[in-house]
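Enquirer: Here the sequence shown is numbered in this note's numbering, starting from 163 and rising by one per residue. Structure in structure tokens, see below.
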Amino acid sequence: MPIELHDNLKAAQREKALPKLTAYNRIDGPGSSLDLSEFQEAFWRLPDIQEDDPAQKWSCDLPRTIGMTIDTGTEISAHPFDPGFICVKSVEYETEVVAAPGEVTPVKENWLLKILEIFDLSGVKFILRNLREGTQSSGLGGSSTATIGVCILANILAGQPFSDVQLISLASRVEQGLGVSITGTQEQSNVIFGGVTDYVWFPWGVPGDSGTGYGESLRYELITPEDYGLLEERMAIFHSGHPRLSSEVNQTWRNALLTGPGYKLHSAKLKVAYEFREGLRLQKWDHVLESIDRYRRIRTKLCEGYMENSRDLLERAESLYSTAFPLGAGGGGGVLLFSPEPGSLEELREDLKGIYREIPFKLRSNGHELSNVDLRPSAPD
């Protein structure tokens, strides 16, 4: 029987204590796209795991990504709705979808509504709002952030039947399966775990661990919150001012994986992603710059469209001892700017004023926050 939430949410509404979750976005970098299932599976080899090695050298030839949680994202709140129905509303996109549980068609427009149905909820409306205006289509993992955020809140309202890793798998598969975007597991993992985190992917589960499932990872904190300022003063995000073409770029990369030259180029990304990891961990900022440059060049060889609308930003950055990295799959949207020297980045900011819009951010140690979730739903007799 469906879990009918209408009455409990009505009571929570009277107390001004509706359940709410804030899910945060991420900055990616070298290693991004290696979390797509095809890449995890293509490059994975049975490793000799050595947990006592801080450098994790044993993992340098495995697919990995580094996520850096930032304070943009999505607020998701649960509201009472007509008994026997479910609803999802997006404030920014001005959309609203409604259906009875068991009648949600598996189409792109219903992807978040489908999650409420999966958790057998009823009598509830989820309302989504961006934390900051103008961050849609910015390469920050926005659709994945919303998807895993809905999964987390729905899971709690349903009594937490799924583990964190299962939620990552669920969110990834729903989003890609219904054609919302070509997605992996980095964005979803970021919302679950947060911080400046290295994810080493294990597509079939960690050897010797009873847990299995798409999206499992070993995770390592690369920079502690006390040192976030050192990284923040070397990074900025500017929007290229153009819409992104993420699906087309991701599809081109996937197609290249099936060719000999493309496979070889993609495989070179593994060591570059490891060098990026070590640059962050050891705070060797020149190494971070070099790894970003090398990774971007490989991506551009695989798909020239990746740099579409970002070339001017790159040229301006390189003139001031900085570099540029289109976020997500590129093709427009948000672009990460990085410089080993904070002063050079400030000069670049001045150069870009009035030409490109900056998306300000702060790093965060947690990927999501919850409030008012002690609701006790109960199924009808």
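No residue lacks a Cβ here, since even glycine has one placed at the ideal position from N, Cα and C. If you're wondering where the values come from, they're calculated on a predicted model, not measured in any experiment.
#1: Sort I228, I310, L420 by Cα distance to F205 and report the nearest one.
#2: Going by Cα to Cα distance, which pick from V259, E388, E254, I238 is closest to I248?
#3: Helix, strand or coil for P542 per DSSP?
#4: Measure the C-alpha to C-alpha separation of P225 and G193 and round it to an integer number of angstroms.
#5: Could you give the distance in angstroms between the alpha-carbon of L384 and the alpha-carbon of P405?
#6: With a CB to CB cut of under 6 Å and the five nearest residues on each side skipped, what residues in its chain are close to T414?
#7: Nearest-angstrom Cα distance between E509 and I277?
#8: If we count the other Cβ atoms within 10 Å of its Cβ and call it buried at 16 or more, is S533 buried or exposed?
#9: On the DSSP letters alone, give me the boundaries of the beta strand (DSSP E) that R188 sits inside.
#10: Contact between the stretch 213-224 and the stretch 420-437 is defined here as three or more beta-carbon pairs at a separation below 8 Å; is this criterion met?
#11: Would a C-beta distance cut-off of 9 Å place S472 and Y483 closer than the cut-off?
#12: Would T257 be called buried (16 or more neighbouring beta carbons within 10 Å of its own) or exposed?
#13: The beta strand (DSSP E) spanning T227 covers which residue range?
#14: Less than 8 Å between C-beta atoms, sequence neighbours within five positions excluded: which residues of the same chain meet that for K172?
#15: For S533, which residues does DSSP report across the bridge?
#16: Hey, is the stretch 378-397 in contact with the stretch 348-365, meaning 3+ C-beta pairs nearer than 8 Å?
#17: What are the partner residues of I521, as DSSP defines its beta bridges?
#18: What are the start and end residues of each continuous beta strand (DSSP E) run of 3 or more residues lying completely inside the stretch 381-458, in chain order?
#19: Tell me which residue opens and which closes the alpha helix (DSSP H) that I318 is part of.
#20: Return the chain-ordered list of same chain residues with a C-beta closer than 8 Å to the C-beta of A541, the five sequence neighbours on each side being excluded.
#21: Using a threshold of 9 Å, state whether the C-beta atoms of T307 and Y390 are closer than that.
#22: Measuring alpha carbon to alpha carbon, tell me which residue in R443, S453, S506 is nearest D215.
#23: Could you have a look at L167 and say whether DSSP puts it in helix, strand or coil?
#24: Please state if the CB of H168 and the CB of G296 are separated by a distance shorter than 9 Å.
#25: Rank Q348, E271, V358, V312 by C-alpha distance to the C-alpha of V342 and give the top, closest one.
#26: Kindly indicate which three-state DSSP category L274 falls into: helix, strand or coil?
#27: What does a CB cutoff of less than 7 Å around M230 pick up in its chain, not counting 5 residues either side in sequence?
#28: Counting along the chain, where does the alpha helix (DSSP H) carrying P504 start and finish?
#29: Would you kindly check if the distance between the Cβ of I310 and the Cβ of Q350 is under 9 Å?
#30: How many whole angstroms separate the CB atoms of T234 and L293, which I take to be in contact at a CB cut-off of 8 Å?
#31: Quick check on DSSP: helix, strand or coil for I211?
#32: By how many angstroms is the C-alpha of R519 removed from the C-alpha of E410?
Expert: A quick look at the data gives this:
#1: L420
#2: V259
#3: Confidence in P542 is poor, its pLDDT being 45 and thus under 50, which makes the residue's placement too unreliable to answer from.
#4: 7 Å
#5: Their backbone Cα atoms lie some 32 Å apart in a straight line.
#6: C465
#7: 46 Å
#8: exposed
#9: 182-189
#10: By the C-beta criterion, the stretch 213-224 is judged to be in contact with the stretch 420-437, since at least 3 inter-stretch pairs fall below 8 Å.
#11: no
#12: Exposed, by the Cβ-count rule.
#13: Note, T227: beta strand (DSSP E), 226-242.
#14: Sequence-distant partners of K172 (beyond 5 residues in either direction) whose C-beta falls short of 8 Å from its own C-beta, in its chain, are P242.
#15: K182
#16: The stretch 348-365 and the stretch 378-397 touch, with three or more beta-carbon pairs separated by less than 8 Å.
#17: For I521, which the question treats as bridged, DSSP gives no partner whatsoever.
#18: 397-401
#19: For I318, the enclosing alpha helix (DSSP H) stretches over residues 304-319.
#20: Low local confidence applies: a pLDDT of 44 at A541 is under 50, so the model's placement there is unreliable, with the coordinate-based value given in what follows. Correct list, in chain order: M163, P164, I165, E166.
#21: no
#22: R443
#23: Three-state result, L167: coil.
#24: G296 places its beta carbon 9 Å or farther from that of H168.
#25: E271
#26: helix
#27: R188, I189, V358, L525
#28: Element bounds for P504: 504-514.
#29: yes
#30: 6 Å
#31: In the three-state reduction of the DSSP assignment, I211 falls in the coil class.
#32: E410 and R519 have their C-alpha atoms spaced approximately 24 Å apart.
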